[in-house]
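Notes to accompany the following structure.
Numbering (the working numbering), first residue to last: 128 to 344.
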């Protein structure tokens with residue numbers, strides 16, 4: 128079963144691909160690569176959706192938040208590598224200006240797709256799920272591109288496991304194992320105060336709150 132949040136996957140882009148005027152490009156999805164959720168996006172998976180919506184019909188969001196529209200997609204296309212995207216941040220929007228600063232500094236380097244699965248099949252030998260066709264409706268700029276995808280389908284039971292979440296906290300978010308277990312058991316606010324000192328930790332806190340929703344929704 129899927130709710131309005133759909134499913135999500137993420138990939139990194141390089142800060143050098145971000146221009147001062149807010150234009151940027153990168154890959155929002157890579158074909159043939161198995162992710163942490165054991166999904167593999169197949170070539171052609173986005174074709175029908177892009178024909179139906181076009182680039183302008185796909186929303187450009189920040190952290191998958193519907194009220195955080197930060198720009199427009201100028202080009203979205205499949206090539207041999209994956210889903211290539213070229214976007215434009217709308218710098219008249221305050222959040223977009225903040226995101227542009229973070230992107231150019233390399234502090235935010237993730238693109239994550241939001242979609243619904245139309246057709247998929249499971250490889251019996253490996254157990255991986257091949258995504259044959261997906262309905263793409265948004266692509267977000269995100270803080271942590273290696274966050275396990277938000278699963279809300281019956282196949283993935285709607286959320287990552289505690290072990291997956293702990294692995295992300297320690298390997299990608301930079302927490303110690305003790306801190307990771309504290310976050311999982313008691314929440315981000317249970318950490319010592321120094322974690323809340325820097326302005327950059329506000330983005331981290333937002334990402335953790337978004338991740339925490341995977342365990343409570």
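Ideal placement from N, C-alpha and C gives every residue a C-beta, glycine not left out.
- Contact between the segment 200–215 and the segment 144–162 is present: 3 or more CB-CB pairs across the two stretches fall below 8 angstroms.
- Within the same chain, and ignoring the five residues on either side of residue 222 in sequence, the residues whose Cβ sits closer than 7 angstroms to its Cβ are 189, 195, 197.
- Ranking 229, 171, 253 by CA distance to the CA of residue 270 puts 229 first.
- In this structure residue 165 touches residue 256 by the C-beta definition: roughly 6 angstroms separates them, less than 8 angstroms.
- In this structure, the alpha-carbon of residue 232 lies about 31 angstroms from that of residue 177.
- About 5 angstroms separates the CB atoms of residue 216 and residue 227; that is less than 8 angstroms, so the two are in contact.
- In its chain, beyond the 5 residues on either side, 260, 261, 262 have a beta carbon closer than 7 angstroms to the beta carbon of residue 245.
- DSSP links residue 243 through a beta bridge to 262.
- Short of 7 angstroms from the beta carbon of residue 161, and not among the five residues preceding or following it, lie these beta carbons of its own chain, in chain order: 167, 255.
- Every alpha helix (DSSP H) of 4 residues or more that sits fully in the segment 147–218 is shown, in chain order, as 174–180.
- In this structure, the straight-line span from the alpha carbon of residue 147 to that of residue 182 is close to 22 angstroms.
- Straight-line measurement puts the Cα of residue 304 at about 36 angstroms from the Cα of residue 264.
- Contact annotation: residue 200 and residue 185 have beta-carbon atoms nearer than 8 angstroms.
- In the same chain as residue 145, and ignoring 5 residues on each side of it, the C-beta atoms closer than 8 angstroms to its own belong to 151, 227, 230, 231, in chain order.
- Residue 226 carries a helical assignment under DSSP once its states are collapsed to helix, strand and coil.
- Rounded to the nearest whole angstrom, the C-alpha separation of residue 159 and residue 172 is 11 angstroms.
- CA-CA distance, residue 218 to residue 253, rounds to 45 angstroms.
- Less than 8 angstroms divides the Cβ of residue 170 from the Cβ of residue 205.
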